[in-house]
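J.: The structure is given below, and queries will be raised subsequently.
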Amino acid sequence: MTTYLIRNAQILGGAPQDIHVVDGVFAAIGEDLDVQADIDIDAHGLIALPGLVDLHTHLREPGREDAETVLTGTRAAAMGGYTAVHAMANTFPVADSAGVVEQVWRLGRESGYCDVQPVGAVTVGLEGKQLAELGAMHDSAAGVRVFSDDGKCVDDAVIMRRALEYVKAFDGVVAQHAQEPRLTAGAQMNEGLVSGELGLGGWPAVAEESIIARDVLLAAHVGSRVHICHLSTAGSVEIVRWAKSKGWDVTAEVTPHHLLLTDELVRSYDPVYKVNPPLRTAEDVEALRRALADGTIDAVATDHAPHPAEDKDCEWAVAAMGMVGLETALSVVQQTMVDTGLLNWEGVADRMSHRPARIGRLAGHGRPISVGEPANLVLFDPAYRGVVNPDTFATRSRNSPYRGMDLPGRVHATFLRGEATVLAGELVER
25 MTTYLIRNAQ
35 ILGGAPQDIH
45 VVDGVFAAIG
55 EDLDVQADID
65 IDAHGLIALP
75 GLVDLHTHLR
85 EPGREDAETV
95 LTGTRAAAMG
105 GYTAVHAMAN
115 TFPVADSAGV
125 VEQVWRLGRE
135 SGYCDVQPVG
145 AVTVGLEGKQ
155 LAELGAMHDS
165 AAGVRVFSDD
175 GKCVDDAVIM
185 RRALEYVKAF
195 DGVVAQHAQE
205 PRLTAGAQMN
215 EGLVSGELGL
225 GGWPAVAEES
235 IIARDVLLAA
245 HVGSRVHICH
255 LSTAGSVEIV
265 RWAKSKGWDV
275 TAEVTPHHLL
285 LTDELVRSYD
295 PVYKVNPPLR
305 TAEDVEALRR
315 ALADGTIDAV
325 ATDHAPHPAE
335 DKDCEWAVAA
345 MGMVGLETAL
355 SVVQQTMVDT
365 GLLNWEGVAD
375 RMSHRPARIG
385 RLAGHGRPIS
395 VGEPANLVLF
405 DPAYRGVVNP
415 DTFATRSRNS
425 PYRGMDLPGR
435 VHATFLRGEA
445 TVLAGELVER
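Add 24 to a position in the sequence shown, counting from 1, and you land on the number used in the working numbering.
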């Protein structure tokens, strides 16, 4: 394996230190290291963070390779500083069996750009009627620990209870897409002042909050773990905060776009801003930022949702919901959380690496940058500023809500177990 000497990196934003990477691990860390290496990297001014872990990625393969493949999605992940992603189950066919999750897992191993941990469906075909093969998916080569019908809500309380009871046997977790379907029938955007003015069907906050309230109670009742996907309202924050105060095993994530963007953007009728859950109000954005800062929200998860141009370049009402986010997530977090003083870089590492890995029970990731640990690492330049151009992205799709925006920071290098996947801001061909 290639050896690396990374000079003057600021580990978690601290004082500059050298990092020696040998045989896939951190061999030495300190000032002015006198060691030999195949490649010497000047990391002056760069922040060193543990490789990022995404709990919520749509890689689309199998079935929608026109939007994304495991290869293009993991290349995008590496460009964003990620060394592991959790691939959601709403593929074609649905990842509701050992065969499909193993297929996705093997495609991830072949790509080589980051680890791919499949998420198994909770119910057969995401239909919410019958539990999928949870135990078989866990026992498969993919070793599934996270289960979700994301894109749809497990709205049947009995099915949700059974799922929570089942995964408890192997320390799994059910990740809920909190959306009461009857309250959101025909909804197009956040219910509020803007939806009223635009005449678009409103998506009320209570549709999310009511499911979260039910599910934290169910998780407490059966003594199991529940994770709340893409939390988006101030009310949801308060429910999760209350559940955690009870000592219940509840975790939650927020997306970068819900930390930055508001429903005011929908006035443009540009379908790039159409997403599930919808963009909310400025008050919700502020509550989400503060909840991420105080730890009520555990993790930033991208909900990277690529779509081909024809599914977005159309009327708002028929456009697909979702945004790409892997390659801009760290920049958005810098702008919304670091530059505002709400989080330091140690906090970013906790919310984007340590906690996501712990929630997913992902061994070898989310580890500290310490001697002997796996060399999963990202070097990030916080001083950089640039205009976002999705046409240059590694992802196959271009549906980024940040096109033309000026965002801070960029990934300089990413290492997966000591192998560079990105160097000098460019993908390393593998």
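Glycine included, each C-beta is placed from N, C-alpha and C at the ideal position.
On a predicted model such as this, the values are computed, not experimentally measured, just so you know.
Answer yes or no: do Cys253 and Ala202 have a C-beta to C-beta separation smaller than 9 Å?
T.: Their beta carbons are under 9 Å apart, which means Cys253 touches Ala202 by this criterion.
J.: Leaving aside the five residues before and after Gly278 along the sequence, list all residues of the same chain whose C-beta is less than 8 Å from its C-beta, in chain order.
T.: Correcting the residue identity first, residue 278 is Val in this sequence and not Gly. Excluding residues within five positions, the ones whose Cβ falls inside 8 Å are His254, Leu255, Ser256, Leu312, Ala315, Leu316, Ile321, Ala323, Val324, Ala325.
J.: Please state the DSSP three-state secondary structure of His251.
T.: Strand, per DSSP.
J.: Using CA coordinates, which residue listed in Ser135, Val124, Leu155 is at the minimum distance from Pro142?
T.: Pro142 has its Cα closest to that of Val124, out of Ser135, Val124, Leu155.
J.: Among Ala165, Phe194, Ala145, Ile183, which has the Cα closest to the Cα of Gly175?
T.: Considering only alpha carbons, the answer is Ala145.
J.: Pick out whichever of Asn400, Glu157, Asp62, Thr115 has its Cα sitting closest to the Cα of Thr445.
T.: It is Asn400.
J.: Leaving out the 5 sequence neighbours to the left and right, which residues in its chain are closer than 7 Å to Ser135 when beta-carbon positions are compared?
T.: Closer than 7 Å at the Cβ level, and outside the excluded window around Ser135, lie Val94, Leu95, Thr98.
J.: Taking the C-alpha atoms as reference points, what is the distance between Arg238 and Leu79?
T.: Going from the Cα of Arg238 to the Cα of Leu79 covers about 22 Å.
J.: Hey, quick one: how far does the beta strand (DSSP E) through Gly54 stretch, first residue to last?
T.: Run containing Gly54: 49–54, per the beta strand (DSSP E) assignment.
J.: Give the range of the beta strand (DSSP E) segment to which Glu351 is assigned.
T.: First-last for Glu351: undefined, no H or E at that position.
J.: If we count the other Cβ atoms within 10 Å of its Cβ and call it buried at 16 or more, is Ser153 buried or exposed?
T.: The question names Ser, but residue 153 in the sequence shown is Lys. With fewer than 16 Cβ atoms within 10 Å of its Cβ, Lys153 is classed as exposed.
J.: For Trp340, does the three-state DSSP call read helix, strand or coil?
T.: Trp340: helix per DSSP, three-state reduction.
J.: Do you know offhand how far Thr305's Cα is from Leu29's?
T.: So the alpha carbons of these two residues sit roughly 46 Å apart.
J.: Would you mind sorting Lys298 into buried or exposed? The rule is 16 or more other CB atoms within 10 Å of its CB.
T.: Per the 10 Å Cβ criterion, buried.
J.: Tell me the rounded alpha-carbon separation between Val402 and Val59.
T.: When rounded, the distance between both Cα atoms is 21 Å.
J.: With DSSP run on the structure shown, which of helix, strand or coil describes Gln34?
T.: Strand, per DSSP.
J.: For Arg185, which residues in the same chain have their Cβ closer than 8 Å to its Cβ, ignoring the five residues on either side in sequence?
T.: Cβ neighbours of Arg185 beyond the five flanking positions: Leu242, His245, Val246.
J.: From Leu70 to Met345, what does the alpha carbon distance come to, in whole angstroms?
T.: C-alpha separation (whole angstroms): 35 Å.
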